[in-house]
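Using numbering that gives the first Met the number 0, the letters of the sequence shown correspond one by one to residues 0 to 247. All C-beta atoms, glycine included, are put in the ideal place defined by N, C-alpha and C. Take a look at the structure set out below.
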Amino acid sequence: MASRPTYANHKQRAIVLAMIAVASIAAWQTQIGSLLLYPFTILATWFLEMGHGLAAVIVGASFEHLVIYPSGSGYAQYLLPRDRIGFADAYIAACGPLRPAAAGSLLILSSRTAKGTRIALLLLGTFLLLSTVVWVGSVTGWIILPALGLAILAIALQEAGRFQQFIIQLLGVQACISVWSQFDYLFSTGGVSPAAQSDTAAIAEILFLPNWFWGALISAATVLMFLWSFSVAFREERPSRSRAALKL
């Protein structure tokens, strides 16, 4: 059985993951960095577009397919009911960048226990495979996503240990920061194609206020979820009084 991590180890792990997050965001802003992080670039797009697609299902739309281009960009195609309320469009647009942060936070939280870590890895790996079969409609997605899903499942089936814990934490971090894979996207008005809107522009059109306001709000919410999940996952576990007495 793996030894229980100490608070010092928890703190070191948190620092390493935070550094990876900052380095990943910086690297994504460069062409060579995006290439070096290519699997995570594709995963970031998957997180974002699945956020849109699943939100569309919740409001009664039909999630048709998810396309990921070789460049790492992509989109979710869905058919909206004509009788939908306007807020539904804003909800779908907001869920693209917000749901990955929520999912990433849950992945990080799951790392507190070996059982939670294994379950999270199994669920994520399985969902990557299922989503590829059901929704993904591009060659890039067909190649990269199943490979990632199988790799995650292989890790999940290994003996429980700190490596599994680190992987689920790393994947959680990547999910949280996926919204910043293109740092200016939240504050721009254009989407994947010249005719498309960015998520924040779509929200602004319905809920008023400028798109940069919604970009800042989404960024703040993402940071708060990220920090909260870290504070819980890496919280110091103080020994009980009875245990402390036994050590005296």
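At least one CB of chain B closer than 8 Å to the CB of residue i: is that the case?
i, result
"Glu158", "Of the chains in the structure shown, none is chain B; there is only one protein chain."
For residue i, list the residues DSSP reports as bridge partners.
i, result
"Tyr77", "Phe62"
"Ile67", "Gly73"
"Val15", "Partner(s): none; Val15 has no beta bridge."
"Val135", "Leu65"
Residue i by DSSP, collapsed to three states: which one?
i, result
"Gln196", "strand"
"Arg240", "Reliability fails at Arg240, whose pLDDT of 49 lies under 50, so the model's placement of it is uncertain and the value that follows must be treated cautiously. Of the three classes helix, strand and coil, the one that applies to Arg240 here is helix, per DSSP."
"Arg234", "coil"
"Asp82", "coil"
"Arg117", "helix"
"Ser180", "coil"
"Ala159", "coil"
"Phe207", "coil"
"Thr221", "helix"
"Ser104", "helix"
"Thr188", "coil"
Enumerate in chain order the residues of its own chain whose CB-to-CB distance from residue i is below 7 Å, with the five nearest sequence positions on each side excluded.
i, result
"Tyr231", "One detail in the question is off: residue 231 reads as Val in this sequence, not Tyr. These residues qualify, in order along the chain: Leu108."
"Pro38", "Ile143 and Leu147"
"Leu35", "Ala26"
"Val58", "Arg83, Ala87, Tyr90 and Ile91"
"Leu206", "Ala89"
"Ser218", "Leu185"
In chain order, what residues of the same chain lie with their CB nearer than 6 Å to the CB of residue i, ignoring the 5 residues before and after it?
i, result
"Thr199", "Leu185, Asn210, Trp213 and Gly214"
"Ile24", "Ile176 and Trp179"
> Quick one: any contact between the segment 96-111 and the segment 160-176, if contact means 3 or more CB pairs under 8 Å?
Replying inline: yes
>> Runs of 4 residues minimum, wholly inside the segment 29-64: which ones carry the alpha helix (DSSP H) assignment?
In response: 30-35 and 37-57
> Are the segment 46-65 and the segment 74-81 in contact at 8 Å, needing three or more beta carbon pairs?
Replying inline: Touching, yes, given that three or more Cβ pairs across the two stretches are closer than 8 Å.
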